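Asker: Questions regarding the structure given below will be posed in turn.
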Amino acid sequence: MNPQTFAIIKISAGVLATIGLYSVLYKETKFYRFWEHLFLGLAAGYGVVAAWKDTLYTDWWVYTFGTAATPTAPATPGHWIWAALLPIGIMGYMVFSKKHNWMSKIPIGIILGLWSGQQVQIWWQTWGPQVYSSMQPIIPTTFSPMARPSTLEVANGQVQTIADSAQLANVQQQLANNLYPTQALTNLIFVVTFISAFSYFIFSFELKNKLMLGVNKLGRWMLMVGFGAIFGSTVMARFALVIDRMSFIVNEWVQTLTQRV
Amino acid sequence: MTFWDKMQKVDRRILYVILVVFVCTGLFIPVKIPVEPDPSSKDFYATVMAIPEGSTVLVQTDWTNSTRGESMGHFENLMRLLMSKKLKFVFYSAADPVAPQVARTVITRINAERKADGLYVYQIGKDYLDLGYFANAEATNTNMGTDLRQAWANRTSKVPEGGEIDIFKTDVLKDIRKIGDCKMMVVVTASASIDIAIQRLANKVPITAMVTGVTGPGVLPFYQSGQVKGIAIGLKGVYDTEYLMANGINIKDGEAKPKVTWAKNSSVDKVAEGKTFARGNQYYGTLHVALVLLILAVILGNVGMFMSRRAARKGGE
Amino acid sequence: MNNSIFLLAQNTENFWRKLPGQGLVIWVIIGLLLGIALLFAFTQVPSNLRRWIIVGFTFFAGLPYVLAYLWPKPIGADLQNDIPRNMSEQIGFTINQAIDPVGKITNVLQAFLLGVGIFSLVRVHLTKVRRKSENWGFSTVLLVCFALMTTVGFMDWRQRKFMDDNGLLNEPANWGFFQYANDLLFEGMYQQMDSAMFSMIAFFILSAAYRAFRIRSVEATVMMASALILMLNLMGALTYAWGTGIENLVVQTGNPFFMNFKLNVMADWLRSTMQIPAIRAIDFGVFLGALAMGLRLWLGLEKGGVSS
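Chains as they are written, first to last, in our numbering: chain A, 1 to 261; chain B, 1 to 317; chain C, 1 to 308.
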């Protein structure tokens with residue numbers, strides 16, 4: 001087939017499929033349901049192919065049977081006991097049996113057991129550095145000046161890094177050796193935010209102490225700051241997807257068609 | 001019914017049409033917008049650029065076309081960066097069976113782009129390896145950290161000379177005995193697979209990440225604690241990387257002052273070869289338009305609510 | 001130790017590892033029969049023992065990881081290359097060797113389990129077609145596409161893997177029917193639909209932002225302010241224009257302190273001082289829950305869990 005003709009067929013099919021799925025934004029119709037089922041069929045089909053070619057073939061079949069010697073590589077041994085994993089994997093399909101569906105929990109139990117055991121193993125690896133980096137100094141070592149000295153200066157009508165290297169090194173030295181009140185305040189806000197937001201999780205029982213109630217309320221507000229960040233970032237992510245789809249139609253499809261013309 | 005009441009009840013499909021029109025209009029005006037890259041993006045770029053030429057990097061690619069708008073830009077940038085730095089890489093997925101195929105398509109396209117520009121074309125088995133999909137991320141990452149040679153035992157790869165050989169005999173992995181011998185691990189993801197990788201491998205190999213906007217906020221605490229060396233987040237991260245590839249950090253390039261400045265680092269070169277501004281540049285201007293639309297929608301929605309309430313109160317009086 | 005099950009992946013032949021052609025197929029059949037025997041044995045297990053079997057599998061799958069963390073190791077030990085000096089170290093090394101096979105087994109089982117969902121989907125739709133239930137035509141579409149994608153995908157893989165030693169099929173000029181069909185179905189359609197499906201959320205977000213994101217409480221206001229600063233900072237053009245204005249102010253006043261009021265500097269301060277600790281607190285809470293849940297699952301204490 002002419003590659004250019006195939007490119008047009010391929011991209012046009014993609015555009016049609018995109019429009020087919022987008023039609024649900026107007027209303028759920030049979031047109032949409034056709035494309036929805038087509039999508040599910042292709043997804044399930046590719047799932048089977050990918051599970052075999054990218055995992056089961058390499059991690060199970062080749063591992064069980066080994067490989068014969070080739071002109072470029074020596075033979076590798078097979079691990080015969082790995083064949084027993086097939087019946088154990090089949091136990092997962094017993095979920096459809098009324099009598100033996102309990103067996104489907106065995107492979108799931110193995111996967112969950114691994115996950116559970118790892119929770120203990122990874123606890124400190126995950127939280128050690130995070131707890132350490134949350135312990136921030138909050139008492140200033142100097143009050144003169146109140147704010148951090150700047151490494152910038154105004155020269156030739158421009159803001160730039162201090163040009164005199166000795167002066168710059170001196171400022172950097174001061175910054176490294178001192179904790180200024182504005183920095184201490186920033187660190188205090190960090191620590192208070194972390195503790196108050198975390199307390200919202202651990203003090204989930206009824207509180208009567210006014211101080212604890214206040215901390216709890218502050219924690220709720222701080223959580224909202226976090227959720228705001230998540231919302232803003234999510235908006236960017238979702239808009240990026242719709243921009244990409246529109247670009248696929250407006251730029252890629254039209255470009256392919258016009259190149260042909 | 002007042003004007004504001006009507007505004008409150010506007011058909012959702014009108015909003016959808018407005019979004020499509022705004023986004024399509026934005027796509028017709030791709031401009032190179034000057035930005036101040038995020039510190040996390042600068043760290044990401046500086047970390048990659050500090051890796052010595054010829055070293056091996058692990059690429060865990062856990063995204064599919066469902067997040068193509070962000071992740072494809074990230075992966076394309078990563079490939080351009082690694083290839084321009086002449087770094088070898090191994091890619092695999094621990095999150096989605098479709099992910100390796102999507103990555104293969106991108107690598108083929110970037111190779112075609114390099115071929116057209118007269119640059120070196122990366123070859124499987126010599127410059128990079130494709131290990132496919134590992135079904136259980138927790139087990140895969142733990143095994144890689146425990147013993148990389150055991151974890152990937154019996155795996156073979158095609159080589160340019162023809163046939164297949166053990167991956168640990170290829171140029172890419174022949175000097176790698178444990179995961180720490182790799183200079184960096186990059187996780188390109190749209191899911192929590194980055195958390196799984198950090199929890200199991202951050203103390204064994206320097207990790208950087210290219211994540212979607214949804215995943216990004218959850219990774220920032222790991223960045224602040226130093227468990228992740230740098231992150232490019234979302235579409236802004238895609239554009240930041242392209243901007244850094246084109247301009248470097250603290251590089252004056254004949255101008256009065258550098259386009260990107262950073263007190264933390266003396267200077268980081270821009271990339272030596274290949275394309276820099278690409279998908280990020282194509283989409284970033286449009287993101288502005290879409291975000292303005294969303295902010296306007298929130299403002300209008302709230303103003304509408306207050307005006308309706310005021311009208312209702314006045315009506316009640 | 002050479003016969004240990006934990007040394008399955010070492011590059012030496014042993015009881016567990018056989019080279020092809022040395023009766024390996026017979027051994028594989030034995031392995032398969034052992035698995036089948038286990039499966040049939042389980043069908044005869046009385047119901048009061050079933051829970052303990054599941055608890056046992058769960059416990060032993062997690063045990064190497066817990067022990068690997070708790071068992072003392074020599075400082076700076078290289079568990080792949082060092083030789084153990086005493087019994088305690090030998091146990092530590094053996095535990096470490098157990099991690100790889102357990103992880104590999106889990107990988108394989110999870111790949112087998114991927115098929116459960118697909119099997120269920122196909123079963124439901126086959127039933128619909130057989131009974132000619134409502135909308136059975138759509139089920140036919142699904143099944144046809146499933147069969148097409150599976151056949152074409154598998155054939156494409158087979159040709160590339162076993163019949164293309166020199167990588168000729170990497171060039172579209174050398175493609176045959178299966179390569180074209182796979183590319184059309186996978187790249188041309190499935191991938192684009194995957195992208196379209198997820199992008200639709202943007203429309204719903206816009207609609208929800210217009211209708212539901214209301215400033216009715218302190219919490220909502222705080223959340224909106226945080227989101228707004230972040231979104232404004234995402235707009236490079238705005239950040240640049242704002243920053244240029246601030247720089248002009250600094251030039252006029254000669255005071256670099258005003259540089260702190262650049263939009264990206266303020267957003268970065270907000271992110272590193274308030275957003276990061278808040279998200280960390282959320283994660284910390286979630287992770288404590290996961291640890292508790294993990295321990296309960298591992299020890300079979302979770303009611304209604306896998307071992308119920």
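Glycine included, each C-beta is placed from N, C-alpha and C at the ideal position. Just so it is clear, the structure is predicted and the values come from calculations on it, not from any experiment.
Grab the span of the beta strand (DSSP E) containing Asp-62 of chain B for me, first residue to last.
Answerer: 56 to 62
Asker: Name the DSSP bridge partner or partners of Thr-76 of chain A?
Answerer: BP columns for Thr-76 of chain A point to A:Thr-67.
Asker: Could you check whether the Cβ of Thr-106 of chain C sits closer than 9 Å to any Cβ belonging to chain A?
Answerer: yes
Asker: Can you grab the Cα-Cα spacing for the pair Val-106 of chain B / Arg-148 of chain A, in whole Å?
Answerer: 46 Å
Asker: Where does Asn-255 of chain C sit, in a helix, a strand or coil, going by DSSP?
Answerer: coil
Asker: Chain A beta carbons: is any one of them nearer than 9 Å to that of Thr-58 of chain C?
Answerer: yes
Asker: Anyone know if the C-beta pair for Tyr-284 of chain B and Lys-259 of chain B falls short of 9 Å?
Answerer: no
Asker: Could you tell me the alpha carbon to alpha carbon distance between Val-15 of chain A and Met-155 of chain C, rounded to whole angstroms?
Answerer: 26 Å
Asker: If I follow the unbroken alpha helix (DSSP H) through Gln-125 of chain A, where does it start and stop?
Answerer: 105 to 134
Asker: Could you tell me which residues DSSP pairs with Gly-230 of chain B in its beta bridges?
Answerer: B:Thr-208
Asker: Between the region 259 to 272 of chain C and the region 50 to 67 of chain B, do at least 3 Cβ pairs fall closer than 8 Å?
Answerer: By the criterion of at least three beta-carbon pairs nearer than 8 Å, the region 259 to 272 of chain C is not in contact with the region 50 to 67 of chain B.
Asker: Whole-angstrom Cβ separation of Tyr-210 of chain C and Gln-121 of chain A, contact assumed at under 8 Å?
Answerer: The pair is not a contact, with the Cβ atoms about 47 Å apart (cut-off 8 Å).
Asker: Return the chain-ordered list of same chain residues with a C-beta closer than 7 Å to the C-beta of Ile-11 of chain A, the five sequence neighbours on each side being excluded.
Answerer: These residues qualify, in order along the chain: Glu-252, Trp-253, Thr-256.
Asker: From C:Ile-105, C:Val-251, C:Leu-126, pick the residue whose C-alpha is nearest to that of Phe-57 of chain C; which is it?
Answerer: The option with the nearest alpha carbon to Phe-57 of chain C is C:Ile-105.
Asker: How far does the alpha helix (DSSP H) with Gly-56 of chain C in it extend, from its first residue to its last?
Answerer: 47 to 70
Asker: Are the C-beta atoms of Leu-300 of chain B and some chain C residue less than 9 Å apart?
Answerer: yes
Asker: Ends of the beta strand (DSSP E) at Phe-89 of chain B?
Answerer: 88 to 93
Asker: Is the beta carbon of Val-152 of chain C less than 9 Å from the beta carbon of Phe-112 of chain C?
Answerer: Contact: no.
Asker: Cβ atoms of Gln-130 of chain A and Pro-221 of chain B: under 9 Å apart, would you say?
Answerer: Cβ distance < 9 Å, so Pro-221 of chain B and Gln-130 of chain A count as in contact.
Asker: Locate the alpha helix (DSSP H) running through Val-20 of chain B, then write down its first and last residues.
Answerer: 12 to 27
Asker: Jot down the residue ranges of each uninterrupted beta strand (DSSP E) in the region 83 to 167 of chain B, minimum 3 residues, whole runs only, in chain order.
Answerer: 88 to 93, 128 to 133, 156 to 158, 164 to 166
Asker: Going along the chain, which residues of the region 33 to 50 of chain B sit with their C-beta nearer than 8 Å to a C-beta in chain A?
Answerer: For the region 33 to 50 of chain B, which is checked against every Cβ of chain A, not one residue is closer than 8 Å.
Asker: Would you verify that the beta carbon of Ser-133 of chain A is, or is not, closer than 9 Å to some beta carbon of chain B?
Answerer: Output row for Ser-133 of chain A: interface = yes.
Asker: Hey, out of A:Ile-162, A:Pro-145, A:Leu-21, A:Phe-231, whose CA is closest to Ala-263 of chain B's CA?
Answerer: A:Ile-162
Asker: Assign Leu-301 of chain C to one of three DSSP states: helix, strand, or coil.
Answerer: coil
Asker: Counting only Cβ-Cβ distances shorter than 7 Å, please list the residues of the region 108 to 126 of chain A near chain B, keeping chain order.
Answerer: Ile-111, Leu-114, Trp-115, Gln-118, Ile-122, Gln-125, Thr-126
Asker: Closer than 7 Å by C-beta to Asn-216 of chain A: which residues in its own chain qualify, once you throw out the five before and the five after it? Chain order, please.
Answerer: Ser-199, Tyr-200, Phe-203, Leu-207
Asker: For a contact defined as C-beta to C-beta under 8 Å, what are the partners of Phe-15 of chain C on chain B?
Answerer: Within chain B, no residue comes near Phe-15 of chain C; the closest Cβ sits about 17 Å away, beyond 8 Å.
Asker: Relative to the C-alpha of Ser-266 of chain B, which residue among B:Phe-134, B:Arg-279, B:Asn-250, B:Lys-115 is closest?
Answerer: If we check each option's Cα against that of Ser-266 of chain B, B:Asn-250 comes out closest.
Asker: Residues of chain A with CB under 8 Å from Phe-134 of chain B, in chain order?
Answerer: Thr-55, Asp-59
Asker: Just the chain A side, please: which residues come within less than 7 Å of Asn-111 of chain B by C-beta, in chain order?
Answerer: The contacting residues do not exist; Asn-111 of chain B stays about 17 Å from chain A at best.
Asker: May I have a chain-ordered list of the alpha helix (DSSP H) segments no shorter than 4 residues that lie completely inside the region 208 to 250 of chain C?
Answerer: 218 to 234
Asker: DSSP state of Leu-152 of chain A, grouped into three classes?
Answerer: strand
Asker: For Tyr-132 of chain A, does the count of other Cβ atoms within 10 angstroms reach 16, so buried, or fall short, so exposed?
Answerer: Its Cβ having fewer than 16 others within 10 Å, Tyr-132 of chain A is exposed.
Asker: List the residues of chain A that Glu-187 of chain C touches, going by C-beta distances under 9 Å, in chain order.
Answerer: Lys-10, Gly-14
Asker: Can you tell me which of the three DSSP states Val-289 of chain B falls into?
Answerer: helix
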